[in-house]
Amino acid sequence: MKLTRVFTALGSFCFLLSPASTGSQEESPEIIGPDRIQLKARPGKRLVLHCKAYPKCEDDQTLIYWLVNGSFPEDTFTNGRVAETKESTSEGGTILQRSLVLKNVTSEDLRSTFICVVTNPVGIAQKHITLKATIRKRLTERHCSNKV
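Residue numbering for the sequence shown follows the numbering used here, starting at 13 and increasing by one per position.
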């Protein structure tokens, strides 16, 4: 078997083998939806970022996880304000999903890049999310007086 790439994910080493050397018909994972998006977020409110992908590989060979500015959320946010949900599958295992929960959006989050990473022995796919603040507009009543 020919070793083509070595990388570190979630603190453990993963050895990637070329498909030609294993006789496998597996493919790189594929993110469902756009791979770069900007979402509106309201500071102080809860926000859930979703990531879904086709693993295109056996489930136990595919990892899905989140990074915030290149670091794992549990390393960046030690207070638990931002946390990943458990990995889950749907559609008979053909869709892999994991979300990132921001318990309350802060100004720091508006300057951050959230990356969902999906990797299998053949390749890697990423979804980049940035946030844009939305401010709730107050409705004001206008009083008009018409004089005759």
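Glycine residues also receive a C-beta, built at the ideal position from the N, C-alpha and C atoms.
Checklist line | Terminal residues of the beta strand (DSSP E) in which residue 70 lies | finding: In the DSSP assignment, residue 70 falls outside any beta strand (DSSP E), carrying neither H nor E.
Check: Hey, how far is the Cα of residue 67 from the Cα of residue 109?
Finding: In a straight line, the C-alpha of residue 67 is about 10 Å away from that of residue 109.
Check: For residue 99, which three-state DSSP category applies?
Finding: Here residue 99 sits in coil by DSSP.
Checklist line | Residue range of the unbroken beta strand (DSSP E) whose run includes residue 119 | finding: Bounds of any beta strand (DSSP E) do not take in residue 119; it lies within the alpha helix (DSSP H) bounded by 119-122.
Notebook entry, point to check: Along the chain, where does the beta strand (DSSP E) that runs through residue 106 open and close?
Noted result: That residue, residue 106, is in no beta strand (DSSP E); it is neither H nor E in DSSP.
Notebook entry, point to check: Is the stretch 74-87 touching the stretch 123-134 in the sense that three or more CB pairs, one from each, lie closer than 8 Å?
Noted result: Yes, since at least three Cβ pairs between the stretch 123-134 and the stretch 74-87 fall closer than 8 Å, the two stretches touch.
Checklist line | Neighbourhood of residue 99 by C-beta distance below 6 Å, restricted to the same chain and skipping five residues each side | finding: Taken in chain order, the residues that qualify are 76 and 110.
Check: So residue 146 is in the beta strand (DSSP E); what residue range does that whole segment cover?
Finding: Neither: residue 146 is in no beta strand (DSSP E) and is coded neither H nor E.
Notebook entry, point to check: Nearest to residue 79 by CA position, among 69, 64, 95 and 70, is which residue?
Noted result: Of the candidates 69, 64, 95 and 70, 95 places its Cα closest to the Cα of residue 79.
Note to self: Looking only at its chain, what residues have a beta carbon closer than 6 Å to the beta carbon of residue 139, apart from the 5 residues adjacent to it on each side?
What the structure shows: Cβ neighbours of residue 139 beyond the five flanking positions: 43, 47, 63 and 128.
Checklist line | Beta-carbon proximity list for residue 34, same chain, < 6 Å, skipping 5 on both sides | finding: Because residue 34 sits at a pLDDT of 42, beneath the cut-off of 50, its placement in the model cannot be relied upon, and the point is left open.
Next item on the list: Kindly indicate which residue of 142, 135, 145 and 143 has the alpha-carbon position closest to the one of residue 38.
Entry: Of 142, 135, 145 and 143, the residue nearest in Cα terms is 135.
Check: Straight-line CA distance for residue 126 to residue 115?
Finding: In this structure, the straight-line span from the alpha carbon of residue 126 to that of residue 115 is close to 15 Å.
Check: Looking at residue 122 and residue 143, is the spacing between their C-beta atoms short of 9 Å?
Finding: Closer than 9 Å, so yes.
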